[in-house]
Amino acid sequence: MSLASSLKRVLIAAGVTIVALGAATALVPALLPGESVRHDVAAELTRRMGLPVTISGPVSVSVVPQLSIRLDGVRMAEADAAEPQATAEAVVASFRLLPLITGKVSISEYVLVRPRIAVRVARDGASNWDGAFRRLREAARETGRTVADLRIVEGEALVTDEKTESRAALSAIEFAISWPGPNRQANISGTLTANGEPVEINAVVARPLALFTAEPTGVKMRVTSAPMKSAFEGTVTNGDTLTAAGAMTLETGSLRQLLRWLGQNPGVGPSFGTFALKGDVQLQPNSLAFTKVNTELDGNVADGALSISFEGARPQVQGTLDAGRVVATTYFRDLRFTADGNQGWNRRPIDLSAIAAIDLDLRLSASEVVVGHASLGRSAASVVARGGRLTVTLGEAQAYGGTLSGALVVAPRGEEMDVRASLNVQRAQLGLGLGEWFGFRRLDGTANTQLSIEARGASMADLARTASGQMMLTAVEGAVHGFNAEAILRRLERRPLATTGADTRSGRTAYDRIAATIRVAGGVATTTDLVLDGPMVRVNVEGVASLPAREFDMRGIATLKRRTTSGSTAEQNFELPFVVQGPWDDPFILPDPQALIRRSGAAAPLRDVTRDRDALRAVLDAINRHASQEADLSSPPPASSFNPFAPILPRD
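The sequence shown begins at 619 in this note's numbering and counts up one residue at a time.
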């Protein structure tokens, strides 16, 4: 037999086969029992969905691009349900051709066209799909059947959770589930739109049937969207509840944007930016528990344990984290205690939206904490937020050579807030602390301080205006910068009217001890017992400091101590009243002019004339009468408007 003859026979056989298949394909639509297929498709979907499925619409058969049948009017609902769990415009079933030629109906793929899925979770946690899941577990024992693929086209879903009082609408659902056989892995891929953002989901389930028999099965899953990227690899068990355990990662360029996408209102601001989380996790239906987690927020990295619950109206976060260096400036940007340059206190309303959007209960520790220009050493603190009320408790922090502890409570009150703060400082360097936190750099020493203050307002300027409370301060072995009290006193003792401006703006006054009690009411700090006691100088001060204006208005007495030796007579101490006025950052410290005049012998005649005002008036009257002048001297010349400060007695 020649090659040409053999090739001819092959071509003839192929042509006959093609013609036969074409004829069979053309005849199948006419011979396909529509009602029987409708019944078979409804039964198959009932087994797949776990719900009774009814198909009430017309039936149409297509050959191109593949043999399929379309059945309109799909309804999935429990027999006694007031509304269906799901509906679909149509279901399209694709047939395997060869089994159909032999008289068997074998479907390779189901496509649900424009399904509308409703999921309702009651307050007790029961779902309208619980019955479907129960029936699916019972049907999972049938493992010998061929499994068809399932696709969803242009789907929508609405999830209503009465327990958490939340609603989630999903649209543009395009999903494909490929499951070659009962003992084969299933591949799931698709996209959907949630809160206006497209989401891509890809998953691999090692043993899908295990999900219906309460057995663990391996799962790999990745979720990608603009707000975040997440991945999970571990095991999933669908027992009484769906649980999972494995490794999980989550990344977002903006935690604030992610919270907003999830339906929260985190406000605006530079904080809650880049966020990453990676660790071993246990997943429950409404919670995640990380037994070992590494997390990063705004460039701050920490390790520890963390749990997140979605049971309530707001996400609830609990955990214990340990970090290295933490820069917390952005979280306290509206609560800083320094002024905005020459503009005074910050008048921008403090935004508490981020606090109200989430409930926190965190235990934090760090090797260093930076807030603005201030820096603390090893620190341990707790952060608790409940319903917009924030409590930050500083257990202990190493700072400025000593230790700090205290608490800050911020509670919303309408458009304003109530703020309460307490601070306990032990053996800290006073100059460093006052400079970094309050911008006041004229006092140093080793200090113990107790502070308790409260205020109300919408901005830092309002809080300064309404502040009330008390501070007790003791400090040792330090100095007051900006003037040399001893040099000033010695100069003024010799020459009371000598120029003193240079000494009042430079130099330093050393002290052995400072003690003061400062009371704050209505934004005004008042002290009546501030005492500075040094080797050569003792200073008693009283007066006020305006918190809103950041200015001093104080007066005091500086005493130059006399040294006595054995057998000598002690000289009287030299005392000089003075005033302290002007801004905190650069106040004026000036001697009382009236006291200087009184000490100056050159001013004695002027004082005598002033005391003998009646004699002076008599002389002037006589001169005026002699010159026939009609000067009106019925009232004395105006006295000086300057009144000296009330004297302050030195305090022993």
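Note that the Cβ used here is the ideal one computed from N, Cα and C, for glycine as well.
To the nearest angstrom, how far is it from the Cα of residue i to the Cα of residue j?
i: residue 747; j: residue 738; result: 8 Å
i: residue 843; j: residue 872; result: 13 Å
i: residue 1130; j: residue 1051; result: 19 Å
i: residue 819; j: residue 774; result: 16 Å
i: residue 1278; j: residue 736; result: The structure shown does not extend to residue 1278, since the chain spans only 619 to 1270, so no value can be given for it.
i: residue 1021; j: residue 1156; result: 29 Å
i: residue 780; j: residue 667; result: 24 Å
i: residue 1000; j: residue 898; result: 24 Å
i: residue 840; j: residue 816; result: 14 Å
i: residue 812; j: residue 785; result: 11 Å
i: residue 1042; j: residue 935; result: 29 Å
i: residue 878; j: residue 891; result: 12 Å
i: residue 1199; j: residue 905; result: 59 Å
i: residue 1205; j: residue 986; result: 33 Å
i: residue 1058; j: residue 1190; result: 35 Å
i: residue 1169; j: residue 988; result: 27 Å
i: residue 806; j: residue 861; result: 19 Å
i: residue 1029; j: residue 1012; result: 18 Å
i: residue 827; j: residue 767; result: 15 Å
i: residue 930; j: residue 1201; result: 49 Å
i: residue 1252; j: residue 1175; result: Confidence at residue 1252 is low in this model, with a pLDDT of 40, below 50, so the placement of that residue should be treated as unreliable; the coordinate-derived value is given next. Their Cα atoms are separated by approximately 40 Å.
i: residue 1337; j: residue 869; result: Residue 1337 cannot be examined here, being either before or after the span of the chain that is shown, 619 to 1270.
i: residue 907; j: residue 1014; result: 28 Å
Assign residue i to one of two classes, buried (16 or more other C-beta atoms within 10 Å of its C-beta) or exposed (fewer than that).
i: residue 903; result: exposed
i: residue 1100; result: buried
i: residue 1102; result: buried
i: residue 801; result: exposed
i: residue 888; result: exposed
i: residue 1067; result: buried
i: residue 1104; result: buried
i: residue 859; result: exposed
i: residue 1112; result: exposed
i: residue 1095; result: exposed
i: residue 992; result: buried
i: residue 798; result: exposed
i: residue 1143; result: buried
i: residue 712; result: buried
i: residue 684; result: exposed
i: residue 1019; result: exposed
i: residue 702; result: buried
i: residue 1249; result: Confidence at residue 1249 is low in this model, with a pLDDT of 40, below 50, so its placement is unreliable and the value that follows should be read with caution. Residue 1249 comes out exposed.
i: residue 922; result: buried
i: residue 1045; result: exposed
i: residue 917; result: exposed
i: residue 733; result: buried
In this structure, does DSSP put residue i in helix, strand or coil?
i: residue 1180; result: coil
i: residue 793; result: strand
i: residue 694; result: strand
i: residue 1142; result: strand
i: residue 654; result: helix
i: residue 806; result: strand
i: residue 1263; result: Here residue 1263 scores only 36 on pLDDT, less than 50, and its place in the model should not be relied on; the value that follows carries that caveat. Of the three classes helix, strand and coil, the one that applies to residue 1263 here is coil, per DSSP.
i: residue 1078; result: helix
i: residue 1045; result: strand
i: residue 1203; result: coil
i: residue 846; result: coil
i: residue 707; result: strand
i: residue 1154; result: coil
i: residue 1002; result: strand
i: residue 753; result: helix
i: residue 800; result: coil
i: residue 976; result: coil
i: residue 1257; result: Confidence in residue 1257 is poor, its pLDDT being 37 and thus under 50, which makes the residue's placement too unreliable to answer from.
Report, in whole angstroms, the separation of the C-beta atoms of residue i and residue j, which I expect to be a contact under 8 Å.
i: residue 1063; j: residue 1081; result: Contact flag wrong, Cβ pair sits at about 28 Å.
i: residue 1209; j: residue 1196; result: 5 Å
i: residue 1017; j: residue 994; result: 4 Å
i: residue 655; j: residue 687; result: 6 Å
Strictly under 8 Å for the Cβ-Cβ distance: is residue i near chain D by that measure?
i: residue 1084; result: Annotation note: the requested chain D is absent from the structure, which comprises a single protein chain.
Contact between the region 875-884 and the region 904-918 (3+ Cβ pairs under 8 Å): Too few Cβ pairs lie closer than 8 Å, so no.
At least three beta-carbon pairs within less than 8 Å, the region 1088-1096 to the region 962-975: The region 1088-1096 makes no contact with the region 962-975; the number of CB pairs closer than 8 Å stays below 3.
Any 3 or more C-beta pairs closer than 8 Å across the region 982-1000 and the region 962-970: No: the two stretches stay apart, fewer than three of their Cβ pairs being nearer than 8 Å.
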